[in-house]
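Novice: Mind having a look at this structure? Questions to follow.
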Amino acid sequence: MNTWLKKLWLLVLVGALAFWGGQVCSVAQANSPPSNIEVIRKASADYFSDRHHRYHISADNLYALLHDGDASNDPVIISVQTRAEYTLGHIPGSINVPWDEIADIAQLQDKIPKDQLAVIYCNRCIYSAQMSAFLNLLGYNTLDLAFGFESWTQNKTAIPDHFDPKCVCEHTIDTETHIAEPTGEYPAIEATGNTPEEIITAAINAYLASDRYADPTICPCDLEKILLDEDPANDPFVLSLQWPSGYKRGHILGAVNIPRWELFKEENLSRLPADKPIVSCCYLGFTSSQVVGILNIMGYDAQVSLHGLSAWTLDPEITLFRIDDSRNWRNYPIAGTAACTSAMQMSQAGPLPVAQLEKKAFCPNEYIVKRGDCLCRLAKKYCGNPRLYRGIVALTNQMHEVDDSFAKITNPSLIRVGWKLCIPNDEFIQ
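Quick look at the structure:
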């Protein structure tokens with residue numbers, strides 16, 4: 000009798016295993032990304048695949064392109080400032096398509112040839128970063144202006160505040176490594192089309208019509224209150240886009256590190272929760288703005304930690320540099336009603352005293368000139384474009400003001416073996 004029962008139990012067990020084994024396979028297949036999200040994921044993975052690619056252009060490099068005497072390389076400049084902001088001040092020649100009036104991405108596409116570089120900017124590089132990412136997914140060649148219009152002018156009428164001081168303070172730093180296991184769950188979105196471009200366009204336009212688009216940031220002070228309120232149920236998933244080496248030095252409480260070039264791989268995207276808010280943090284908020292825009296068109300509920308790590312801590316070993324560092328600000332000509340108000344006063348303000356610069360000085364990458372080097376080749380190697388050599392000149396000369404071991408470059412065509420230059424590295428512009 001016992002033997003018969005054992006055999007019967009064995010048959011039941013084998014049948015159950017076969018049944019549940021089949022169920023597991025069907026769940027795994029069902030938990031693959033939906034076809035429309037998969038289209039966006041692949042385009043995003045391709046866009047962010049090169050960890051050395053730069054998605055932004057500095058004010059210096061944009062000004063250089065516009066004034067190098069070669070009109071053939073001039074980019075189309077799109078302002079997504081609000082109408083009021085644009086009226087006060089904008090980059091001369093820029094076309095205004097206000098972010099708060101964009102209901103269809105075609106409103107931007109109509110202004111930009113696919114075979115020409117476009118530079119997009121807003122006042123703080125939040126909405127422009129999102130728009131630049133969207134257009135790149137659709138096959139356009141766009142960059143957003145690093146630091147936004149704030150980097151172009153010091154005109155206090157056009158730009159009353161370079162950053163929000165209420166959101167910049169010393170918060171709790173976490174040095175533990177946090178891992179998120181794959182969930183295999185993805186949001187459901189209504190974005191259809193016959194081609195990848197049609198699907199991506201439908202997803203973008205759905206996001207533009209949503210409440211999330213109007214408020215894509217969270218103040219770090221508010222974020223910390225949520226994380227420390229002893230109610231884990233309301234905690235967002237904190238996504239760190241830092242380089243792994245930077246993440247080890249310190250990050251936001253509980254942040255999971257997935258660098259931008261890894262994020263949109265299927266195995267990593269599946270680590271993000273589809274049923275709770277996501278807050279993304281990089282160094283300054285620029286890359287997070289692009290990532291958050293893409294996550295939102297996929298149906299995630301994502302926000303940017305305003306000003307990135309620069310607003311979370313004052314520790315230079317973690318932030319690398321400050322969003323409120325005046326060395327990032329220029330005073331190039333502007334158009335608009337503010338152009339004839341305080342611009343002259345600001346231009347007469349002069350540079351910061353050396354004592355203040357010494358406190359802020361930071362060179363992301365020192366380089367000693369070797370035989371055969373020239374600035375154009377160095378710019379192509381480190382900045383991706385030989386025409387961006389002026390950025391190396393500007394950064395090196397800024398460092399020379401506080402450290403005379405750096406070269407003083409007066410003629411970009413003449414650099415000497417042994418000179419110390421300052422060149423941006425991959426972490427320098429986030």
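Sequential numbering from 0 applies to the sequence shown in numbering that gives the first Met the number 0. C-beta atoms are modelled at their ideal positions from N, C-alpha and C, and glycine is treated no differently.
(1) Helix or strand or just coil, what does DSSP make of His-399?
(2) Out of Arg-259, Asp-59, Arg-370, Tyr-381, which has the shortest C-alpha to C-alpha gap to Phe-146?
(3) Between the Cα of Pro-272 and the Cα atoms of Glu-261, Lys-155, Met-297, Ala-117, which residue gives the shortest distance?
(4) DSSP on Val-96, reduced to helix/strand/coil?
(5) Cα separation between Arg-120 and His-170?
(6) Considering only their Cβ atoms, is the gap separating Gly-284 from His-462 smaller than 8 Å?
(7) Between Ser-269, Ser-131, Thr-286, Asp-45, which lies nearest to Gln-78 when the distance is taken from Cα to Cα?
(8) Return helix, strand or coil for Ala-342, following the three-state DSSP convention.
(9) Under the assumption that Ile-172 contacts Thr-318 (Cβ atoms under 8 Å), give the Cβ distance between them as a whole number of angstroms.
(10) Taking 7 Å as the limit between beta carbons, can you name the residues of its chain near Val-368, skipping five residues before and five after?
(11) Which one of Asn-233, Ala-310, Ala-83 has the shortest CA to CA distance from Cys-220?
(12) Helix or strand or just coil, what does DSSP make of Glu-184?
(13) Mapping DSSP to helix, strand and coil, what is Leu-420?
(14) To which residues of the same chain is Ser-239 closer than 7 Å at the C-beta, ignoring the five residues directly before and after it?
(15) Using the Cα positions of Tyr-282 and Ser-244, report the straight-line distance between them to the nearest angstrom.
(16) Quick check: the Cα distance between Leu-262 and Tyr-54, rounded to an integer number of angstroms?
(17) Tell me the DSSP secondary structure of Phe-236 in three-state form.
(18) CB-CB under 8 Å to Lys-113, same chain, minus the five flanking residues each way: which ones, in chain order?
(19) For a test of the three-state rule: what should DSSP assign to Ser-412, helix, strand or coil?
(20) Classify Ile-39 as helix, strand or coil using the three-state DSSP reduction.
(21) Determine, using beta-carbon pairs with one atom in the segment 221-239 and one in the segment 325-336, whether at least three such pairs fall under 8 Å.
(22) Select from Asp-49, Val-291, Ala-83, Glu-266 the residue whose C-alpha is nearest the C-alpha of Ala-337.
(23) Just the C-alpha distance for Asp-403 and Asn-396, rounded to the nearest angstrom, thanks.
(24) From Pro-195 to Glu-37, what distance separates their C-alpha atoms?
(25) Going by DSSP, which residues form a beta bridge with Ala-334?
(26) Pick out the complete alpha helix (DSSP H) segments inside the segment 278-324, 4 residues or longer, and give them in chain order.
(27) Could you name each continuous alpha helix (DSSP H) segment of 4 residues or more that falls completely within the segment 202-269, going from the start of the chain to the end?
(28) Do Ala-301 and Ile-199 have their beta-carbon atoms positioned less than 8 Å apart in this structure?
(29) Could you spell out the range, first to last residue, of the beta strand (DSSP E) harbouring Ala-117?
(30) Grab the span of the beta strand (DSSP E) containing Val-142 for me, first residue to last.
Specialist: According to the structure data:
(1) helix
(2) Asp-59
(3) Met-297
(4) coil
(5) The residue you asked about is not Arg; residue 120 is Tyr in the sequence shown. Computed Cα separation, rounded: 29 Å.
(6) With the chain covering 0 to 429 only, the question about residue 462 has no answer from this structure.
(7) In the sequence as presented, Gln is not what sits at residue 78; that position holds Ser. Ranking Ser-269, Ser-131, Thr-286, Asp-45 by Cα distance to Ser-78 puts Ser-131 first.
(8) Bear in mind that the predicted position of Ala-342 carries a pLDDT of just 35, short of 50, making it too unreliable to give a figure here.
(9) With a Cβ gap of about 11 Å, Ile-172 and Thr-318 do not count as contacting.
(10) Ile-414, Arg-415, Val-416, Gly-417, Trp-418, Leu-420
(11) Ala-310
(12) coil
(13) strand
(14) Tyr-246, His-250, Ile-251, Ala-254, Val-255, Asn-256, Cys-280
(15) 13 Å
(16) 16 Å
(17) strand
(18) Gly-138, Tyr-139, Asn-140
(19) coil
(20) helix
(21) no
(22) Ala-83
(23) 9 Å
(24) 10 Å
(25) His-89
(26) 285-296, 315-318
(27) 210-213, 219-226, 243-248, 259-262, 265-268
(28) no
(29) 117-120
(30) Residue identity differs from the one stated: residue 142 is Leu in this sequence, not Val. Note, Leu-142: beta strand (DSSP E), 141-144.
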